[in-house]
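Undergrad:
2 protein chains.
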Amino acid sequence: MKILLIEDEPELRKSIKQYLYQEGYLVESAEDFVKASDKCADYEYDCILVDITLPKGNGLDIVKKLKQNQSKAGIIIISAKNSSDDKIAGLDLGADDYLAKPFNLAELNSRIKALLRRRNFDGNKSIIINEITIIPEERSVTVNQEPVNLTAKEYDLLLFFVSNKNRVVSKNSIAEHLWGDDSDQMDNHDFIYVHLRNLRKKLMDKGCTDYVKTIYGIGYNFKVNP
Amino acid sequence: MKILLIEDEPELRKSIKQYLYQEGYLVESAEDFVKASDKCADYEYDCILVDITLPKGNGLDIVKKLKQNQSKAGIIIISAKNSSDDKIAGLDLGADDYLAKPFNLAELNSRIKALLRRRNFDGNKSIIINEITIIPEERSVTVNQEPVNLTAKEYDLLLFFVSNKNRVVSKNSIAEHLWGDDSDQMDNHDFIYVHLRNLRKKLMDKGCTDYVKTIYGIGYNFKVNP
DNA sequence: CATTTATCTTAAGAATGTCTTAAGAATTAT
DNA sequence: ATAATTCTTAAGACATTCTTAAGATAAATG
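Residue numbers (the working numbering), protein chains in the order written: chain U, -17 to 208; chain P, -17 to 208.
1. Quick one: does S152/P have its CB under 8 Å from some CB of chain U?
2. K49/U lies in the beta strand (DSSP E); which residues open and close that run?
3. Identify whether D28/P lies in helix, strand or coil by the three-state DSSP scheme.
4. How about R121/U: is its C-beta nearer than 8 Å to some C-beta of chain P?
5. Between I116/P and V123/P, is the Cβ-Cβ spacing less than 8 Å?
6. Among residues of its own chain, excluding the 5 on either side of D163/U, which ones have a beta-carbon nearer than 8 Å to its beta-carbon?
7. D(-10)/P and L36/P: beta carbons closer than 8 Å?
8. By Cβ distance, which residues of its chain are closer than 7 Å to Y27/U, with the 5 residues on each side in sequence left out?
9. How big is the Cα-Cα spacing for G201/P and A157/P?
10. Which of helix, strand or coil does DSSP assign to D(-10)/U?
11. Whole angstroms are fine: how far does the CA of F142/P sit from the CA of G72/P?
12. What are the boundary residues of the alpha helix (DSSP H) that D138/U is part of?
13. Rank E5/P, N146/P, N112/P by C-alpha distance to the C-alpha of E119/U and give the top, closest one.
14. Mapping the DSSP letters down to three states, classify L81/P as helix, strand or coil.
15. Output the distance between the C-alpha atoms of T196/U and N203/U, rounded to the nearest integer angstrom.
16. On a Cα-Cα basis, can you pick out the residue from G189/P, V206/P, S19/P that is closest to P129/P?
17. What's the C-alpha gap between K221/U and A77/U?
18. Taking all protein chains shown into account, do 16 or more other C-beta atoms lie within 10 angstroms of the C-beta of D104/P, making it buried, or fewer, making it exposed?
19. Between which two residues does the beta strand (DSSP E) holding L8/U run?
20. Could you tell me which of R99/P, R149/P, E113/P sits nearest to M186/P, measuring between CA atoms?
21. What first and last residue would you give for the alpha helix (DSSP H) that runs through V206/U?
22. Residues of chain U with a CB under 8 Å from the CB of D20/P: which are they?
23. Y202/U bridges to which residues according to DSSP?
24. Measuring only between beta-carbons, confirm whether A12/U sits less than 8 Å from chain P.
So, in structure tokens, the structure goes:
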């Protein structure tokens, strides 16, 4: 799960980033709206945390912009102003949640979780794709009720496929989602092959085959027949 | 016994929480209905204390909602309005009891006890997970009727696992529950390893094994098969 | 059909995370 | 004040996962 944090205070930015990283998220950050816009133009995020009280620019404007461009990302507004005006305005513009400073990090985390669940899984506890069941809060995956032990990268990869099922994803977009914006400069993404193979193998060992189809020269397609 | 307290006044919230914790309950709190709803989506509670005079939102609405979703939880309404209208309305919507502010904590406690006794007929306050029995009131733990001597940290750790059974908890969240909010900034949480080991060992010595599963790089999962 | 390019497979070393142990510090009980 | 218990620190052992690299296989191109 990839998060963009827009926050100008270096200290706060660092500690939020650190915390969310430890919670297993891939976190990127921007210190102002210009940089944030740039990033949003280049990348897709699952969730965007935006402090709307930044010195330059109107915070609510960027919420509107983000909402227009990043259709998939959920937006959580962070604000010191605890006026309900701001809250209402933000939510009207399409933000999904609102968090007043100061907040504690666990609280932020549970908001993010709730948001992701609402957006990605229609609020369901488990994702069921034929014989495959994924329960995000357990971080567990089963095939025909049998548990499949996936590593972090394999799990992230599977989740990325699932949330893009029946859609072709490029190696670039996979790399970006699993490794972040550092992955641009990487000359090759060969390790994807390795993780993908391990994932396929583990699923295959449980009798699960033909899900991740390779599209030569383009990318991959996680196929699910309804 | 897990209780959710919905109360906006920080002082009151803190003191009720503190008191009930000392009485052996596991207490979580939410300051408004949105947060309360999120928590209810995530957890099951045995009892929910809800202050229906919160500034935002209609308190009676949430009683209705809670009753629909959390079928198991008993609901006690707290209210400053001591009008019998409110009382009747609340009880009609499915609340189990009604307590007018100001109340004293002992009174609250006996209401909770009565409610829990009514609901779990036998009136015992133990948490039973297969061969493990925990009696929060006594801070005691037994495995197959044999007592297990746990230290404070070990007990807290076990209780945290139990209240998050079948869910992955990160080291961060463990640290936060055992050492408080300051632990965010701690660079390493290595002592968790030690307490966890001691807990595992004590359980294992009584023949209790495979409960706390390590999820490499992510956290731990206290597994209980229903 | 030969060549190029992309993907797959395998295995080993690097990096990271977890477990265990023991000893000193802090706390609590006697 | 002394003893007992519990908590924290630190260090090394151990385990898992990630990345790297190189050779094998498969697909596209002319």
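Glycine residues also receive a C-beta, built at the ideal position from the N, C-alpha and C atoms.
TA: So, from the listed chains and residues:
1. To locate residue 152/P, count along the second sequence from 1; it is residue 170. Yes - at least one Cβ of chain U is within 8 Å of the one on S152/P.
2. Within the first sequence, residue 49/U is the residue found at index 67, counting from 1. No beta strand (DSSP E) contains K49/U, which is instead part of the alpha helix (DSSP H) from 41 to 51.
3. Looking up residue 28/P in the second sequence gives position 46. Here D28/P sits in coil by DSSP.
4. As a first step, residue 121/U must be located in the first sequence, where it is residue number 139. Judged by the 8 Å Cβ criterion, R121/U is in contact with chain P.
5. Sequence index remark: in the second sequence, residue 116/P carries index 134 (1-based). Sequence index remark: in the second sequence, residue 123/P carries index 141 (1-based). In this structure, V123/P lies closer than 8 Å to I116/P by Cβ.
6. Numbered from its first residue, the first sequence carries residue 163/U at position 181. Correct list, in chain order: E10, K21, D24, Y25.
7. Within the second sequence, numbered from 1, the residue matching residue -10/P stands at position 8. Within the second sequence, numbered from 1, the residue matching residue 36/P stands at position 54. Result yes, Cβ atoms of D(-10)/P and L36/P sit closer than 8 Å.
8. As a working mapping, residue 27/U is identified with position 45 in the first sequence. The answer, listed in chain order, is K(-16), I(-15), L(-14), Q52, A55.
9. Here residue 201/P refers to the residue found at position 219 of the second sequence. Here residue 157/P refers to the residue found at position 175 of the second sequence. Using only the alpha carbons, I get a separation of about 11 Å.
10. Here residue -10/U is taken as the residue at index 8 of the first sequence, counted from 1. Note: D(-10)/U maps to coil in three-state DSSP.
11. Along the second sequence, one-based indexing puts residue 72/P at 90. Along the second sequence, one-based indexing puts residue 142/P at 160. If you take the alpha carbons of G72/P and F142/P, they lie about 32 Å apart.
12. Position 156 of the first sequence, counted from the start, is the residue given in the question as residue 138/U. Under the DSSP assignment, D138/U falls in the alpha helix (DSSP H) whose first and last residues are 134 to 145.
13. If you number the first sequence from 1, residue 119/U lands on position 137. It is N146/P.
14. Taking the first residue of the second sequence as position 1, residue 81/P is located at position 99. In the three-state reduction of the DSSP assignment, L81/P falls in the strand class, which pools E and B.
15. One-based indexing of the first sequence puts residue 196/U at position 214. One-based indexing of the first sequence puts residue 203/U at position 221. If you draw a straight line from the Cα of T196/U to the Cα of N203/U, it is about 6 Å long.
16. Here residue 129/P corresponds to residue number 147 of the second sequence, with the count starting at 1. The shortest Cα separation from P129/P among G189/P, V206/P, S19/P belongs to G189/P.
17. One cannot answer for residue 221/U here, as it falls past the ends of chain U, which runs -17 to 208.
18. Locating residue 104/P in the second sequence gives position 122, where the first residue counts as 1. With a pLDDT of only 48 at D104/P, under 50, the local geometry of the prediction cannot be trusted, and the value read off the model is given with reservation. Exposed is the call here.
19. Walking along the first sequence from the start, residue 8/U turns up at place 26. Counting along the chain, the beta strand (DSSP E) containing L8/U begins and ends at 8 to 12.
20. Locating residue 186/P in the second sequence gives position 204, counting from the first residue. The shortest CA-to-CA distance from M186/P to any of R99/P, R149/P, E113/P is the one to E113/P.
21. Working through the first sequence from its first residue, we reach residue 206/U at position 224. Taken as a continuous stretch (DSSP letters only), V206/U belongs to no alpha helix (DSSP H), as it is neither H nor E.
22. If you number the second sequence from 1, residue 20/P lands on position 38. Result: S92, R93, A96.
23. Taking the first sequence and counting its residues from 1, one reaches residue 202/U at position 220. Answer is V151/U, T196/U, bridged to Y202/U.
24. Residue 12/U sits at position 30 when you count from the first residue of the first sequence. So no, A12/U is outside the interface.
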